[in-house]
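Count along the sequence shown from 1, then add 38; that gives the number in this note's numbering. A virtual CB, placed ideally from N, CA and C, is assigned to each residue, including glycine.
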Amino acid sequence: MEYDDLTKIENLVHNLRDAAALFCLEGKPLRYSELHRNMAAWSGQHLSESEMTRARHRLVRRKMIISGPDDNGHNVYSITEAGRVRLAQIRVLIQIAPRLDAPVDDEDPDGERSESGEESTGGDQPAKGDEPADGETSADGRGPTDNDGQDDAA
Numbered sequence: 039m040e041y042d043d044l045t046k047i048e049n050l051v052h053n054l055r056d057a058a059a060l061f062c063l064e065g066k067p068l069r070y071s072e073l074h075r076n077m078a079a080w081s082g083q084h085l086s087e088s089e090m091t092r093a094r095h096r097l098v099r100r101k102m103i104i105s106g107p108d109d110n111g112h113n114v115y116s117i118t119e120a121g122r123v124r125l126a127q128i129r130v131l132i133q134i135a136p137r138l139d140a141p142v143d144d145e146d147p148d149g150e151r152s153e154s155g156e157e158s159t160g161g162d163q164p165a166k167g168d169e170p171a172d173g174e175t176s177a178d179g180r181g182p183t184d185n186d187g188q189d190d191a192a
């Protein structure tokens, strides 16, 4: 079902901070402060302490990262197999992202064209020669019409 598929996609990228942490931990385990700095640099955005803490807790709870001591006894965070699987799923979405851009050719964003080949107005404005429905504003913007072609405001 399409809705279920969309839910899966939303869950993959629901929190960009989580994805940033996984990308940063892919190369090597990092201490909390190193992870924080790397995530901010990777994303190009400020990352508050509370955002960092919430992301860390989410990823630990979901078993995508684990913490443990390094050779010097400092606590470091490492990506788990579940985190690597999630990262691979996110990369698939990143690969198709360029195809999701808006059309760049001369077509209407909705892909609609009139029979004469002219672009439609996309529904925001009536096409040339279209009369507004009862109660709509006339083409000249002066006021409502009764759809007999005569402006009521005249």
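- As the crow flies, the alpha-carbon of N110 is around 46 Å from that of R137.
- Each residue's CA atom was taken as its position, placing H84 and R55 some 11 Å apart.
- For the 8 Å CB-CB criterion, I103 and A57 do not form a contact.
- Excluding five sequence positions before and after G121, the CB atoms of its chain that fall closer than 6 Å to its own CB belong to L60, M102, I103, given in chain order.
- Bounds of the alpha helix (DSSP H) holding N76 are 70-81.
- As far as DSSP is concerned, S86 takes part in no beta bridge.
- In the three-state scheme derived from DSSP, where H, G and I count as helix and E and B as strand, P67 is classed as coil.
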